[in-house]
Amino acid sequence: ILHHDNAPSHKAIIVNEFLTKNSTNIIEQPPYSPDMAPADFFLFPKLKLPLRGTRFQSIEDIKENSRRELKSIPENAFKKCFDDWIIRWHKCIISKGAYFEGDTINLNE
């Protein structure tokens, strides 16, 4: 399963041919919803916060520190991220794509 944000590079013919050839299921990104991508609502903030304000001496320093921070994220945090992702998708479906903020949607309705 692949989830992407419909960027032009992700929609290129060569990419679509590769995904089709490899029987890759695609989960489409709703328009104007970067908060639906796990990297946007979970991973990038977890990596940016500890690195913010640091002046790195080289690209290698950036890579090394980024890898260290990535490895420090517990495995159960990734599981929770994907559980939260499913909840976000359900909220999007229930709202029929309309704008909403926070936890204002009741999934039990």
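The numbers in the working numbering rise by one with no breaks, and the one at position 76 of the sequence shown is 69. Don't be surprised by glycine CBs; every beta carbon is placed ideally from N, CA and C.
Tell me whether the region 33 to 48 and the region 66 to 81 touch, counting them as touching only if at least three CB pairs, one residue from each stretch, are closer than 8 angstroms. yes
To the nearest angstrom, how far is it from the Cα of isoleucine 55 to the Cα of lysine 4?
30 angstroms
Judging by CA-CA distance, which residue of Glu10, Leu40, Ile19, Cys85 is the nearest neighbour of lysine 64? Leu40
#### Entry: Distance, leucine 12 Cα to asparagine 18 Cα
8 angstroms
DSSP state of isoleucine 20, grouped into three classes? strand
Original post:
Along the chain, where does the alpha helix (DSSP H) that runs through aspartate 54 open and close?
Top reply: 52 to 65
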